[in-house]
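Colleague: The structure follows.
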Amino acid sequence: MEIGRFVFGIGGESLAVAQNTYAVNWFKGKELNLVFGLQLSMARLGSTVNMNIMGSVYNRVADLVGLTGHTTLGVSLMIAGATCIFSLVCALVLGYLDKRAERILNKEQGGTGEVIKLTDVKDFPFPLWLIFIICVGYYVAIFPFIGLGQVFFIEKFNFSPAEARAINSIVYIISAPASPVLGFMVDRIGKNVIWVLCAVVTTLIAHMMLAFTFWNPWIAMSLLGLSYSLLACALWPMVAFVVPEHQLGTAYGFMQSIQNLGLALISMAAGSILDNKGYLFLEVFFSACSTNKSGLSLSLALSVALIAVVMLYFVDCLRGKRDGSGPPAPLKPLHHSLWSRVSQQTGEKLAKLRPMSGFGLRNRYLSRLGAQVHTNTVCRWMLNSLLLPPAPRSLLYPPPVFTGTQKCTEVMRPTLHNPPQLRNSACVHVSGQKVLSGVDLT
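Under the working numbering, think of the first position of the sequence shown as 643, with each following residue one higher.
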């Protein structure tokens, strides 16, 4: 059995890394939150079915075979493993689509793909390491607890095995439909760090309710399911916001490895605490801190995750202020005279500082001769002279992704990079540069 679990772990964890990397290759920007939500939803749907069906499958096989023990268990696991055939078919279809990715996604031919290098670890930015800490600190308070939850509900709340199994699976039941909805919400609103902070705080409250109260556990487990879905939708896409594309495979692989290492260590520690101290200390361990038999203080999982989230928020805010990509001020109406006046003054000052292009000299010469110059032509020249390089990436406000020609209404911000009057302009990517066309200053 141990060898089988080892082989299963090799396939399952490698599959998770491949899924995450595949998702960020096909989807960019704010699409990622919904994509990860759908991915989590399908995974949790399978987990819920497994937790509630496999017991009945085992009993049915035992009735048919007339035996119990490892033989019946082996037949039941083979039936469950047959579902991997469907996964294999899906993987083959994805492989076929991946070969045509350059043409489907309009990528440049001959572009470099994912290059997995372990040496990229030393180049990871500090925010990415904080994301790793959040991932480990949060998930070690979820998965080990669910693994021990059935016995916990039987002993503390005197539930029957069927009731304990049902309430223990509520986390996965809620996350299945909630993940796509929460992912879409994060896509529309943004500010992933804030949502991660809300998820960690909600999970901490849920664990404290289970540890120190005898309230109906359905309340705490429902909060746990919602917060678990919210964190997965907001946390995993943030990796693509802070590392370049060629390091995404290494980053997701390293994140998955650290998560599994933390889960392995915490599972052993949780089992030891359960045997020696009981469920109360186990819940305290998951929430804040605990003490083992030797009196050594153990760092609490969710407390570490909460500290890391707060640090990540301030780091991102500092980066935004330093790089000019901080939180945007509320946009005023396009016809507002104040914005028009400020933009006009800023444009005149910058126009004096920047050298005039040949196109601009030509238009000025024609205008002095009395020739009619189209308004959009003049505006396009002014805008091209005012455009500055795009601001570095920010977790609270991820960079917009432009494919083909699309409206920029949602991404324009009242900064020098994006004056508020330009929110109705169309953005086009030409040779890696953002060019504004069809400007409407009304």
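Just so it is clear, CB atoms sit at the ideal spot from N, CA and C, and this is done for glycine as well.
Would L866 count as contacting chain D if we go by Cβ distances under 8 Å?
Modeller: Among the chains in the structure shown there is no chain D, since it carries only a single protein chain.
Colleague: Hey, could you find the ends of the alpha helix (DSSP H) T663 is sitting in?
Modeller: In the DSSP assignment, T663 falls within the alpha helix (DSSP H) that extends over E644 to W668.
Colleague: Label N858 either buried or exposed according to how many other C-beta atoms from any shown protein chain fall within 10 Å of its C-beta, with 16 as the threshold for buried.
Modeller: exposed
Colleague: Kindly indicate which three-state DSSP category S909 falls into: helix, strand or coil?
Modeller: Of the three classes helix, strand and coil, the one that applies to S909 here is helix, per DSSP.
Colleague: Roughly how many whole angstroms lie between the Cα atoms of I695 and L890?
Modeller: 36 Å
Colleague: Helix, strand or coil: how does DSSP classify P786 here?
Modeller: In this structure, DSSP gives P786 a helical state, which the three-state scheme calls helix.
Colleague: If we call anything under 8 Å between Cβ atoms a contact, is L676 one with G867?
Modeller: No.
Colleague: Run the CB neighbour count on G791, radius 10 Å, all protein chains shown included, and call it buried at 16 or more, exposed below.
Modeller: buried
Colleague: For C931 and Y664, what's the separation of their Cα atoms in angstroms?
Modeller: Its pLDDT being 37, under 50, C931 is placed unreliably in this model, and the value from its coordinates should be taken loosely. The straight-line gap from Cα to Cα measures roughly 38 Å.
Colleague: Which value, in whole angstroms, describes the spacing of the CA atoms of C777 and A704?
Modeller: 40 Å
Colleague: Roughly how many angstroms lie between the CA atoms of Y780 and A947, to the nearest whole one?
Modeller: 6 Å
Colleague: Measuring alpha carbon to alpha carbon, tell me which residue in F728, S729, L730 and N701 is nearest G716.
Modeller: N701
Colleague: What's the call for L1011, buried or exposed, on a 16-neighbour Cβ count within 10 Å?
Modeller: exposed
Colleague: If you run the structure through DSSP and keep just helix, strand and coil, what is L824?
Modeller: Reduced to three states, the DSSP call for L824 is helix.
Colleague: If we call anything under 8 Å between Cβ atoms a contact, is W860 one with I809?
Modeller: yes
Colleague: Please classify G708: does DSSP put it in a helix, a strand, or coil?
Modeller: Annotated three-state conformation of G708 is coil, per DSSP.
Colleague: Quick check: what's the CA-CA separation for T714 versus E655?
Modeller: 27 Å
Colleague: Could you pull out every residue in the same chain whose Cβ sits closer than 8 Å to the Cβ of D765, ignoring the five residues on either side in sequence?
Modeller: Q889
Colleague: Since V838 is in the alpha helix (DSSP H), which residue starts that stretch and which ends it?
Modeller: N834 to F854
Colleague: I831 to V885, Cα distance in whole Å?
Modeller: Cα to Cα, I831 sits roughly 22 Å from V885.
Colleague: Nearest-angstrom Cα distance between F883 and R1006?
Modeller: When rounded, the distance between both Cα atoms is 42 Å.
Colleague: Compare the C-alpha of A818 against each of S871, F785, E797 and F648 and name the closest.
Modeller: The residue with the shortest Cα to Cα distance from A818 is S871.
Colleague: Looking at the secondary structure, which residues open and close the alpha helix (DSSP H) in which N810 lies?
Modeller: Residue range P803 to N810 is occupied by the alpha helix (DSSP H) that includes N810.
Colleague: How far does the alpha helix (DSSP H) with M880 in it extend, from its first residue to its last?
Modeller: Looking at the DSSP string, M880 is not in any alpha helix (DSSP H), and its letter there is neither H nor E.
Colleague: Between I902 and R961, what straight-line distance do the alpha-carbon atoms span, to the nearest angstrom?
Modeller: Here the sequence assigns Asn to residue 902, which means Ile is not the residue at that position. The straight-line gap from Cα to Cα measures roughly 30 Å.
Colleague: So, is D917 buried or exposed, given that buried needs 16 or more other C-beta atoms within 10 angstroms?
Modeller: exposed
Colleague: Distance check for L877 and G895, CA to CA, integer angstroms please.
Modeller: 15 Å
Colleague: Give every residue of the same chain whose Cβ lies closer than 6 Å to the Cβ of T844, excluding the five residues on either side of it in the sequence, and list them in chain order.
Modeller: L865 and S869
Colleague: Kindly examine the ligand ADP and report whether one of its heavy atoms sits closer than 7 Å to the Cβ of N692.
Modeller: As for the ligand ADP, it is missing from this structure, which has no ligand bound.
Colleague: Kindly indicate which three-state DSSP category A724 falls into: helix, strand or coil?
Modeller: coil
Colleague: What are the boundary residues of the alpha helix (DSSP H) that P769 is part of?
Modeller: In the DSSP assignment, P769 falls within the unbroken alpha helix (DSSP H) covering F768 to Y781.
Colleague: Taking the alpha-carbon positions, what's the A862 to A874 distance?
Modeller: Near 18 Å, if we compare the C-alpha coordinates of A874 and A862.
Colleague: What whole-angstrom Cβ distance do I836 and L954 have, given they're in contact under 8 Å?
Modeller: At roughly 11 Å, the Cβ-Cβ gap does not stay under 8 Å, so I836 and L954 are not in contact.
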